[in-house]
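K.L.:
Just so you know, we're using this note's numbering here: the sequence shown kicks off at 175 and counts up by one.
Just passing along the structure, written as structure tokens.
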Amino acid sequence: MTKLKLFTLVIPLAVLLSHSGQYVPVDNVPGDIHDDVQEGARSTRVTGDPQTNSLRYISAVRFTEADFTRHVNGLKVRIKKKLSSDESSDQSSDQFSIVVQKPFVVIGDEPESVVQQRAEDTVKWAVSKLKQDFFTKDPEEILDIWLFKDEASYEKHTLLLFNEKPTTPYGYYSSAHKALIMNIATGGGTLVHEIVHPFMEANFPACPPWLNEGLGSLYEQCGEEGGHIHGFTNWRLPGLQRAIREKRVPPFKTLTSMNRSAFYNDDRGTNYAQSRYLCYYLQEKGVLVKFYQDFVARQKEDPSGFESLKRVLGERDMDAFKSEWEKYVMALEQ
Ligand SMILES: [Zn+2]
């Protein structure tokens, strides 16, 4: 029997609908890594040994049991200190359960059994499936995954523990805080999306934003097919279809060559969705993993991935491909 897992992002209707009852621009909704964009903290170092970038199904053990124990003890002290500084709080630091789910440490204020279950069903599953197809290296540091039980807890603890106000209601990855910070009430989809980012950072540090976000957002609605992680159509589709109808979607040459600032600050609001459904298309044609491998191997000659994309598609005319892809996307259903 195939065990079916389905991770999704639960988006409150109030967030999806603007005053006029239209969908808000697709880029404005997701949980993300925008704090890193502001801080410019993400590394762009490239691993010297090309062999280490090829897909080998090994995983270097970076940290020992003792390292994790030390890390967890440090966390307990930090939680206690930060929460006791909040005089308005009648809650104690005991409300947090800590589960080591390598290479991460999962911390949550839901009942311990629920935190344990999320660590197993979502974190462990996503890590093993992403490694199966894409990544060989774990993140370079022990990263914390904070699962706050609801919006109030997420807002309050993000301020207390990280001294910041989240810019997204769902969650985000902060390489500066070495943490994924989530409002888990919005569903496990964003968590899988965010797990992609530290793995991409460790395995393909020079990855352009379109693929980093394309793959992350592909898996914010995912499950298992044939034993592999598989992205399904999701809420980003209607906004993209509208943008295609309105001829607002840029050429793939433009999308793939966008740097972080262009990708994240661009106001057309189609970058995430276009990237996602390009990855979705590659997945459905059975060439997404091959494309990723080719791109990683040739990243020096082709830093945007555009040439690797043409090669894997067997396509010389990318304008013709865009028309074909747009037809394909218009026929998709959520
Ligand atoms: Zn993202």
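Here a beta-carbon is modelled for each residue, glycine too, at the ideal position from N, C-alpha and C.
May I ask you to report which of helix, strand or coil DSSP gives Gly282?
P.N.:
In the three-state reduction of the DSSP assignment, Gly282 falls in the strand class.
K.L.:
Round the Cβ separation of Thr296 and Val366 to the nearest angstrom and send it over; I've been treating them as touching at under 8 Å.
P.N.:
7 Å
K.L.:
Does the distance between the C-beta of His351 and the nearest non-hydrogen atom of ligand 1 fall short of 7 Å?
P.N.:
no
K.L.:
Looking only at its own chain, which residues have a Cβ that is under 6 Å from the Cβ of Gly205, when we skip the five neighbours before and after it?
P.N.:
Low local confidence applies: a pLDDT of 44 at Gly205 is under 50, so the model's placement there is unreliable, and no value is given.
K.L.:
In three-state terms, what does DSSP make of Cys453?
P.N.:
The answer is helix: DSSP assigns Cys453 an H, G or I state.
K.L.:
On the DSSP bridge assignment, give the partners of Phe181 in chain order.
P.N.:
Phe181 has Cys396 as its beta-bridge partners, per DSSP.
K.L.:
Between Gly390 and ligand 1, is the CB less than 7 Å from at least one heavy atom?
P.N.:
Within the cutoff, so yes.
K.L.:
Could you tell me if the beta carbon of Glu286 falls within a distance shorter than 7 Å of some heavy atom in ligand 1?
P.N.:
No, since every heavy atom of ligand 1 falls outside the 7 Å radius drawn around the Cβ of Glu286.
K.L.:
Going by CA-CA distance only, name the one from Ser271, Val279, Asp268 that's closest to Thr243.
P.N.:
Val279
K.L.:
Mind checking who Gln275 pairs with in its DSSP beta bridge?
P.N.:
Phe278
K.L.:
Between the Cα of Leu387 and those of Val288, Tyr451, Asn357, spot the shortest distance and give me the residue it belongs to.
P.N.:
Sequence check: residue 387 is Glu here, not Leu. Comparing Cα-Cα distances from Glu387 to each of Val288, Tyr451, Asn357, the minimum goes to Tyr451.
K.L.:
Do Phe406 and Gly413 have their beta-carbon atoms positioned less than 8 Å apart in this structure?
P.N.:
no
K.L.:
Looking only at its chain, what residues have a beta carbon closer than 6 Å to the beta carbon of Gly195, apart from the 5 residues adjacent to it on each side?
P.N.:
Here the model assigns Gly195 a pLDDT of 28, short of 50, so the residue's position is not dependable, and the following value carries that caveat. Annotation for Gly195: no residue places its beta carbon closer than 6 Å to its own, counting only its chain and skipping 5 residues before and after.
K.L.:
Hey, would you say the C-beta of Glu375 is under 7 Å away from at least one heavy atom of ligand 1?
P.N.:
no
K.L.:
Under the rule that 16 or more other beta-carbon atoms within 10 Å means buried, what is Gly479, buried or exposed?
P.N.:
buried
K.L.:
Is the stretch 368–379 in contact with the stretch 311–319, if contact means three or more CB pairs nearer than 8 Å?
P.N.:
Judged by Cβ distances under 8 Å, the stretch 368–379 makes contact with the stretch 311–319, as three or more pairs qualify.
K.L.:
Note the first and the last residue of the continuous beta strand (DSSP E) segment covering Ser348.
P.N.:
345–348
K.L.:
So what's Trp320 in DSSP terms, helix, strand or just coil?
P.N.:
strand
K.L.:
According to DSSP, simplified to helix, strand and coil, what is Met432?
P.N.:
coil
K.L.:
Quick check: what's the CA-CA separation for Phe181 versus Gln508?
P.N.:
A straight-line Cα-Cα distance of about 15 Å links Phe181 and Gln508.
K.L.:
Using a Cβ-Cβ cutoff of less than 6 Å, which residues in the same chain neighbour Pro383 once the five nearest sequence positions on both sides are dropped?
P.N.:
Arg434, Phe437
K.L.:
For a cutoff of 8 Å on Cβ pairs, would you count Asp241 as touching chain C?
P.N.:
Of the protein chains in the structure, only one exists, and it is not chain C.
K.L.:
Could you pull out every residue in the same chain whose Cβ sits closer than 6 Å to the Cβ of Asp389, ignoring the five residues on either side in sequence?
P.N.:
For the record, residue 389 in the displayed sequence is Leu; it is not Asp. Excluding residues within five positions, the ones whose Cβ falls inside 6 Å are Val370, Cys453.
K.L.:
Which residues in the same chain as Phe336 place their Cβ atom closer than 6 Å to its Cβ, once the five residues preceding and following it in sequence are excluded?
P.N.:
His351
K.L.:
With DSSP as the reference, identify every bridge partner of Ile403, one or two as the case may be.
P.N.:
Looking at the DSSP assignment, Ile403 forms a beta bridge with Glu398.
K.L.:
Applying the 10 Å Cβ sphere with the 16-neighbour rule, what's the burial state of Val289?
P.N.:
buried
K.L.:
Using a Cβ-Cβ cut-off of 7 Å (strictly less than) and excluding sequence neighbours within five positions of Tyr455, which residues of its own chain qualify?
P.N.:
Trp499, Tyr502
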